[in-house]
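So the sequence shown is numbered by the working numbering: it starts at 43 and just counts up by one. Note that beta-carbon positions come from the ideal geometry of N, C-alpha and C, so glycine has one too. All of these numbers come straight from a predicted model, not from anything done at the bench.
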Amino acid sequence: MTSRNGLSSLLRPEDSVLVLIDHQPYQLANLNSHEPQMVINNTVGLAKAAKAFGVPTILTSVIAERGGLLFPQLTDVFPGQEVIDRTFINTWQDKVVVDAVKATGRKQLIIAGLWTEVCVAMPTIQALGEGWDVTVVTDASGGVSVEAHQVAIQRMIAAGANMLTWLAVASEWQRDWARTDSAAALTQVITQHAGGSGIAYLWEQQLLNTPVPASAGR
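In structure tokens, the structure reads:
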């Protein structure tokens with residue numbers, strides 16, 4: 043089991059690879075652990091953050107001709123990128139996906155998908171058993187019930203997985219606001235997808251750029 047303690051256990055963009063699994067209409071139709079629009083928003087925010095940090099992102103669906111194409115909001119982040127369509131329920135049994143992940147040379151495997159208890163739990167547990175350092179993004183995933191989502195999380199934690207929300211993932215990638223090469227891009231993602239935090243940032247910028255009236259304080 044990979045230690046989750048110490049600085050070296052935090053996510054690094056140069057060693058991360060993201061796999062987004064089965065964000066499709068069929069799965070969304072029976073998503074009951076989260077508000078569906080929130081999951082779409084968070085998944086797209088995660089995808090945009092990965093792109094901002096140069097983190098390779100694998101997109102995969104299961105039997106798309108029946109379950110539907112990946113959400114267009116997601117594929118629009120990676121225009122022209124191939125979506126790997128599978129028959130395996132367990133993504134980590136699909137050689138094409140695993141080979142794509144291995145080809146990146148990255149060791150920190152980050153997974154999000156629908157549903158948590160099936161399409162996220164299976165590859166997470168298998169990859170952990172094969173020695174991968176696995177992080178599950180809980181709020182870019184979801185299950186058919188609150189119980190299903192929570193039990194899946196407990197099961198994956200027991201197997202050694204790390205759990206984070208999408209904004210926590212992005213924050214670990216950034217780590218230091220002095221990293222100006224990624225800070226501007228991340229800030230844009232936050233304003234678009236981080237709800238109140240994004241609005242608060244825009245308000246802060248408004249206040250900083252509003253001249254103080256000459257009569258203020260008199």
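Per-residue burial, residue i [other beta carbons within 10 Å of its own, 16 or more giving buried]
{"i": "Ala89", "result": "buried"}
{"i": "Asn84", "result": "buried"}
{"i": "Thr166", "result": "buried"}
{"i": "Pro55", "result": "buried"}
{"i": "Leu53", "result": "buried"}
Start-to-end residues for the alpha helix (DSSP H) that takes in residue i
{"i": "Val139", "result": "Lys137 to Ala145"}
{"i": "Thr85", "result": "Pro78 to Ala94"}
{"i": "Ile199", "result": "Val188 to Ala201"}
DSSP three-state assignment for residue i, whether helix, strand or coil
{"i": "Gln150", "result": "strand"}
{"i": "Ser50", "result": "helix"}
{"i": "Asp218", "result": "coil"}
{"i": "Asp118", "result": "coil"}
{"i": "Ser239", "result": "helix"}
{"i": "Ala179", "result": "A quick correction: the sequence has Val, not Ala, at residue 179. In this structure, Val179 counts as strand in the three-state DSSP scheme."}
{"i": "Leu101", "result": "strand"}
{"i": "Ile232", "result": "helix"}
Supposed contact pair residue j and residue i - C-beta distance, whole angstroms, cut 8 angstroms
{"i": "Ala154", "j": "Ala182", "result": "4 angstroms"}
{"i": "Leu73", "j": "Val81", "result": "6 angstroms"}
Beta strand (DSSP E) segment containing residue i, residue limits
{"i": "Ser58", "result": "Ser58 to Ile63"}
{"i": "Ile167", "result": "Premise fails: Ile167 lies in the alpha helix (DSSP H), Ala163 to Gly171, not in any beta strand (DSSP E)."}
Is there contact here, the stretch 157-165 with the stretch 177-195, by at least three beta-carbon pairs under 8 angstroms? Contact between the stretch 157-165 and the stretch 177-195 is present, because at least three Cβ pairs lie under 8 angstroms.
Determine, using beta-carbon pairs with one atom in the stretch 196-204 and one in the stretch 228-241, whether at least three such pairs fall under 8 angstroms. Touching, no, given that fewer than three Cβ pairs across the two stretches are closer than 8 angstroms.
Say whether the stretch 174-189 touches the stretch 81-88, bearing in mind that this needs 3 or more beta-carbon pairs closer than 8 angstroms, one atom from each stretch. Contact check between the stretch 174-189 and the stretch 81-88: three or more CB pairs, one atom from each, fall below 8 angstroms, which counts as touching.
Can you confirm whether the stretch 110-129 touches the stretch 242-254 when touching is taken to mean that 3 or more C-beta pairs between the two stretches lie within less than 8 angstroms? Segments in contact, no.
Cβ contact (3+ pairs, closer than 8 angstroms) linking the stretch 144-153 and the stretch 103-111: No, because fewer than three Cβ pairs between the stretch 144-153 and the stretch 103-111 fall closer than 8 angstroms, the two stretches do not touch.
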